[in-house]
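2 protein chains.
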Amino acid sequence: MKMILDKKKAIFDATLDLISKNGFHAAPMSLVAKNANVAAGTIYHYFDSKETLISELFKSQKCLIEGIISEADDSTKPFKDRFRQVYHGLYTYFIKNSKVFLFLEQYMSSPFMHKNSKEEFEAFFQPISDFLKKGLYNGSIREMNSRLSVTLFYGNISALVKLCLSGTMLIDITTTTNAFNTCWDGMKNPRQPDQN
Amino acid sequence: MKMILDKKKAIFDATLDLISKNGFHAAPMSLVAKNANVAAGTIYHYFDSKETLISELFKSQKCLIEGIISEADDSTKPFKDRFRQVYHGLYTYFIKNSKVFLFLEQYMSSPFMHKNSKEEFEAFFQPISDFLKKGLYNGSIREMNSRLSVTLFYGNISALVKLCLSGTMLIDITTTTNAFNTCWDGMKNPRQPDQN
DNA sequence: GTAAAAACATTGAATGTTCATTCATTAAAA
DNA sequence: TTTTAATGAATGAACATTCAATGTTTTTAC
Chain U
571 MKMILDKKKA IFDATLDLIS KNGFHAAPMS LVAKNANVAA GTIYHYFDSK ETLISELFKS
631 QKCLIEGIIS EADDSTKPFK DRFRQVYHGL YTYFIKNSKV FLFLEQYMSS PFMHKNSKEE
691 FEAFFQPISD FLKKGLYNGS IREMNSRLSV TLFYGNISAL VKLCLSGTML IDITTTTNAF
751 NTCWDGMKNP RQPDQN
Chain G
571 MKMILDKKKA IFDATLDLIS KNGFHAAPMS LVAKNANVAA GTIYHYFDSK ETLISELFKS
631 QKCLIEGIIS EADDSTKPFK DRFRQVYHGL YTYFIKNSKV FLFLEQYMSS PFMHKNSKEE
691 FEAFFQPISD FLKKGLYNGS IREMNSRLSV TLFYGNISAL VKLCLSGTML IDITTTTNAF
751 NTCWDGMKNP RQPDQN
């Protein structure tokens, strides 16, 4: 049983590694097998097809966002502080685990997404939605459709992460602070101007 | 001569159409040829390889952003109005020309990008950079690295466009207005609070 | 102006490669 | 002994690309 998990994990790891490097086309099953120290046929004991493998790799990240947010969020604080900590929690996680981030980017813009239900996608970002709704209900966040706020929030973070990972620019604390301020000043409730 | 342009255009159109539908994997040369009403071999008169074809399709959009911005921008107006018009110009163009938008998304997150110089990418967004710099220099835009502001600006628009195109949500004027306000309130210069 | 020649454009079947997937066989665990 | 796991060579499909043959346009020479 332990071995089974080891093998599955090795296959997941190799897949994540290859896809994050150069996209799906750079992850032929033969290479996945080789990098996972496994025979090509073995992968098919654990996964029906390449598509299944990738889709399950995504599913294995189901609770990722939830974990990061619950780690970063402290509901006793004022909402702006919570917002900042969640923002930085996500940003920091993606920088430290860039393979995961890059895989998610590939997956979300791939034909796999189109086939599988949008619900998968929806569920993945649910924790962000839940978090932002708290801010909406207590008047800290601008009134807008919840789907929109999630999209804009994640869009800001992912733009920052991509900029960092592109390696074409030195990212200092000023940059991340500016990105955060842009996000917060855009999303905060403009009718509650006492949140500096 | 006219015929040459027609054929090239037909090949570009077929490629754009297929890639925007389902990504690169959905655009085999045989299908491109068929949809362009051309023999497979003909494509290779005009393009060295598939990679060249796609790369040139991207290059053919070099002046896209510049065109949209110069169409939308009116430098006699207050900067907030210019910002709004450029924002809506880009948004509207991408909604109306969703194939172009979807192709760009695919291209920018593909291995093609990694191979070709980042300069291509840089140059593509230069007109946005130039526009935002005007706002920065006249004090309308928050002080931040130019690369970052471009990324955040385009990131906001592209998030909105993706949400619209996903078709899972009815996008009304309220939604686009909220997205715009989020963008502007985030990016405007907080030290110049008279820009309502 | 016309015919021959050269240059160019187009065709699509054939080629060779890359890959996902299968399966008969062997090894390990129950 | 039976069930489960693992192997990797073999299979076949999908694809990018080539090329010899054919059609079309342009140039040249008279």
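These protein sequence lines map, in sequence, to chains U and G. Using my numbering, the letters of the first sequence map in sequence onto residues 571 to 766. Using my numbering, the letters of the second sequence map in sequence onto residues 571 to 766. Each residue gets a CB set at the ideal place from its N, CA and C atoms; glycine is no exception. Quick caveat, the model's predicted, so the values are computed rather than measured.
By the C-beta density criterion, residue 740 of chain G is exposed, having fewer than 16 other C-beta atoms within 10 angstroms. Against chain G, the beta carbon of residue 688 of chain U has neighbours under 8 Å at 736, 738, listed in chain order. Contact annotation: in the region 690-714 of chain G, residues whose CB is within less than 7 Å of a CB in chain U are 712, 714. The criterion of a C-beta distance shorter than 7 Å is not satisfied by residue 726 of chain G and residue 714 of chain U. Neighbourhood of residue 721 of chain G in chain U, by CB distance below 8 Å: 729, 730, 732, 733, in chain order. With its beta carbon at least 7 Å from every one in chain U, residue 662 of chain G lies outside the interface. By the Cβ rule, the region 744-758 of chain U does not count as touching the region 696-708 of chain G, because fewer than three pairs are nearer than 8 Å.
With a cutoff of 7 Å on beta-carbon distance, residue 677 of chain G and residue 617 of chain G are scored as not near each other. For residue 678 of chain G, the enclosing alpha helix (DSSP H) begins and ends at 668-678. Annotated as distal: residue 600 of chain U and residue 609 of chain U, with beta-carbon spacing of 7 Å or more. Taking C-alpha positions only, residue 588 of chain U is separated from residue 665 of chain U by approximately 18 Å.
Rounded to whole angstroms, the gap between the alpha carbons of residue 590 of chain G and residue 689 of chain G is 23 Å. Here DSSP, grouped into helix, strand and coil, assigns residue 665 of chain U to helix. Each of U:673, U:643, U:579 was checked against the Cα of residue 613 of chain U, and the nearest Cα belongs to U:579.
Cβ contact annotation for residue 697 of chain U (same chain, cutoff 7 Å, sequence separation greater than five): 635, 636, 639, in chain order.
If you draw a straight line from the Cα of residue 615 of chain U to the Cα of residue 674 of chain G, it is about 38 Å long.
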